[in-house]
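First up is the structure itself, then whatever we jot down about it.
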Amino acid sequence: NSEQSAVEKAVKIAEDEIAAMRQKLSRHRAEEKQLQAELADIDVQLPDLESQKKAAVANRQYRDAATATSQIKALTERKDHLAASIEEGKKAIDVLDADLNRLIEDSARSHEEL
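All residue numbers for the sequence shown refer to my numbering, where the first residue is 11 and numbers rise by one.
The structure is reproduced here in structure tokens:
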């Protein structure tokens with residue numbers, strides 16, 4: 011029957027979309043984990059650099075202090091960028107989750123029609 015064939019095609023399309031969306035969601039989650047790990051690494055590095063800077067100033071090694079200051083500034087900027095990227099990624103994941111749930115529900119309804 012032509013109607014059943016159309017429904018079967020719609021189900022197949024929905025299943026393909028669901029699979030693609032799950033892959034995309036998985037990539038976003040993996041990227042978020044990577045960004046979180048980099049952020050955690052920066053959080054470990056910053057206190058060490060601050061200590062190096064203070065020690066350099068105390069020892070009147072101003073070039074070393076300036077180098078540490080530059081590194082601190084660069085890491086702080088990277089940290090801010092990572093935090094913004096993570097926030098954007100979380101929003102994208104929320105949207106993908108909602109879209110995926112909608113597709114799954116639509117697919118389930120189409121299966122019921124078969």
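Yeah, the Cβ is synthetic: ideal placement off N, Cα and C, and Gly gets one too.
Coarse secondary structure for residue i, derived from DSSP in three states
i	result
Q71	coil
N11	coil
Nearest to residue i (by Cα), restricted to the options the options
i	options	result
T77	L59, E87 and K19	L59
L92	E42, E122 and S12	E42
K89	A30, R112 and I52	I52
R39	A118, A108 and D104	D104
E87	D109, D116, L56 and S117	L56
Contacts around residue i, its chain only, beta-carbon distance under 7 Å, and the 5 residues preceding and following it disregarded
i	result
S95	L45
I114	I28
A102	H38
Same chain only: Cβ atoms within 8 Å of residue i, ignoring 5 sequence neighbours per side
i	result
S120	V17, A20, V21 and A24
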